[in-house]
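Residue numbers (full-length UniProt numbering): 1 to 235.
Beneath this line is the structure, given in structure tokens, with notes to follow.
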């Protein structure tokens, strides 16, 4: 039932999301961060204990997505859109009691969403002695690291299958493995030049900068040391 219901529900905008800057200057970096905030939020797993720090509707603690996205009709019907889990749920005789604080009678699709949600909440128990927990999904330790975030993002932006090549010699393989990082860095620098300095580099020169960057990185590699000095190692 849960899987079927989730597939039927589309994404909507959450009211709690940070407002994106609208001014044409002075907020470029922050605007970029806001535009990509979902990349971070989607990789956090919430483990409710007391429920005093996790938003009931707007954070993904019960399902893989926030309840507000899965039950949009219920979300629009409640008076408590920004409430924490502890403000919606309470423990009564060792059972959790949930008050969704709906502002009107529900019908149609809203009833389906209500039944879906209450079924999922039925066996949930709040632990009033323990603090809520947050986990980073993309690392084995469940702790956020820059490396795990970078690895996850590069797998999406640059699919590994596009860069895998068989039967490469060590030199070719080293160059090929450096290309994604060189392309990313060169595009990032070009983006900064266009945004902050109003300077635009021709595409052919950007390509040259990518090659130069790879050349610079491999210049200290043992696989290439004889390339720079052909006489080295000869008697």
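Every residue, glycine too, gets a C-beta built ideally from N, C-alpha and C.
Candidates 207, 65, 168, 96, of which the one nearest residue 43 by Cα: Translated into positions along the chain shown, residue 43 becomes position 43. Among 207, 65, 168, 96, the Cα nearest to that of residue 43 belongs to 65.
Tell me the rounded alpha-carbon separation between residue 106 and residue 85. As a working note, residue 106 is residue 106 in the chain shown. As a working note, residue 85 is residue 85 in the chain shown. Cα to Cα, residue 106 sits roughly 21 Å from residue 85.
What's the gap between the Cα of residue 252 and the Cα of residue 37? Residue 252 lies beyond the range of the chain shown here (1 to 235); nothing can be said about it.
Going by the DSSP bridge assignment, what does residue 133 pair with across the sheet? Indexing the chain shown from 1 puts residue 133 at position 133. Answer is 47, bridged to residue 133.
In chain order, what residues of the same chain lie with their CB nearer than 7 Å to the CB of residue 101, ignoring the 5 residues before and after it? Translated into the one-based positions of the chain shown, residue 101 becomes position 101. Cβ within range, chain order: 78, 79, 80.
Closest by C-alpha distance to residue 127, when choosing among 192, 58, 198, 89: For the purposes of this step, residue 127 is taken as residue 127 along the chain shown, with counting starting at 1. For the residues 192, 58, 198, 89, the minimum Cα distance to residue 127 belongs to 89.
Starting from residue 91, follow the beta strand (DSSP E) in both directions and report where the run begins and ends. Residue numbering aside, residue 91 sits at position 91 when the chain shown is read from its first letter. Segment 89-92, the beta strand (DSSP E) holding residue 91.
So is residue 115 buried or exposed if we call it buried at 16+ other beta carbons inside 10 Å? As a working mapping, residue 115 is identified with position 115 in the chain shown. Per the 10 Å Cβ criterion, exposed.
Residue 151 versus residue 52 - alpha carbon distance: For the purposes of this step, residue 151 is taken as residue 151 along the chain shown, with counting starting at 1. For the purposes of this step, residue 52 is taken as residue 52 along the chain shown, with counting starting at 1. Answer to the nearest angstrom: the Cα atoms are 32 Å apart.
Whole-angstrom C-beta distance between residue 182 and residue 210, which should lie under 8 Å: As a position in the chain shown, residue 210 is number 210, starting the count at 1. As a position in the chain shown, residue 182 is number 182, starting the count at 1. With a beta-carbon spacing of about 5 Å, residue 210 and residue 182 fall inside the 8 Å limit used to define contacts.
Option nearest residue 129 by Cα separation, candidates 91, 144, 155: For the purposes of this step, residue 129 is taken as residue 129 along the chain shown, with counting starting at 1. Nearest of 91, 144, 155 to residue 129, Cα basis: 91.
Across which residues does DSSP place residue 178 in a beta bridge pair? As a first step, residue 178 is located in the chain shown; it is residue number 178 there, counting from the start. DSSP lists no partner for residue 178.
So, is residue 132 buried or exposed, given that buried needs 16 or more other C-beta atoms within 10 angstroms? On the chain shown, residue 132 is found 132 positions in, with the first residue counted as 1. Buried.
Buried or exposed for residue 56, going by 16 or more other Cβ atoms inside 10 Å? The residue labelled residue 56 in the question sits at position 56 within the chain shown. Looking at its Cβ environment, which holds 16 or more other Cβ atoms inside 10 Å, residue 56 is buried.
DSSP has residue 154 in a bridge; who is on the other side? Stepping through the chain shown from its first residue, residue 154 is reached at position 154. Residue 154 is not bridged to any residue.
At which residues does the alpha helix (DSSP H) containing residue 96 begin and terminate? Your numbering for residue 96 matches position 96 in the chain shown. Element bounds for residue 96: not the alpha helix (DSSP H) but the beta strand (DSSP E), 95-98.
Residue 75 beta carbon less than 8 Å from that of residue 59: For the purposes of this step, residue 59 is taken as the residue at position 59 of the chain shown. For the purposes of this step, residue 75 is taken as the residue at position 75 of the chain shown. Contact: no.
Taking 8 Å as the threshold (C-beta atoms), are residue 110 and residue 73 in contact? In the chain shown, residue 73 corresponds to position 73, counting from 1. In the chain shown, residue 110 corresponds to position 110, counting from 1. Against a cut-off of 8 Å, the Cβ pair of residue 110 and residue 73 comes out as a contact.
Cut-off 7 Å between Cβ atoms - residues of its own chain near residue 224, not counting five sequence neighbours on either side: Taking the first residue of the chain shown as position 1, residue 224 is located at position 224. Excluding sequence positions up to five before and after residue 224, its CB lies within less than 7 Å of the CB of 171, 218, all in the same chain and listed in chain order.
Local conformation of residue 78 per DSSP, three classes: As a position in the chain shown, residue 78 is number 78, starting the count at 1. Correct three-state label for residue 78: strand.
Cβ neighbour criterion (16 or more within 10 Å) applied to residue 61: Within the chain shown, the letter at position 61 stands for residue 61. Buried, by the Cβ-count rule.
Exposed or buried, which one is residue 187 when buried takes at least 16 other CB atoms within 10 Å? Your numbering for residue 187 matches position 187 in the chain shown. Exposed: under 16 other Cβ atoms inside 10 Å.
Can a CB atom of chain B be found closer than 8 Å to the CB of residue 153? In the displayed structure, chain B is absent; only one protein chain is listed.
Using the C-alpha atoms, what's the distance from residue 121 back to residue 95? Position 95 of the chain shown holds residue 95. Position 121 of the chain shown holds residue 121. Going by C-alpha positions, residue 95 is about 11 Å away from residue 121.
Residues that residue 102 bridges to, as DSSP identifies them: Counted from its first residue, the chain shown places residue 102 at position 102. DSSP, once it has assigned bridges, lists 78 as partnering residue 102.
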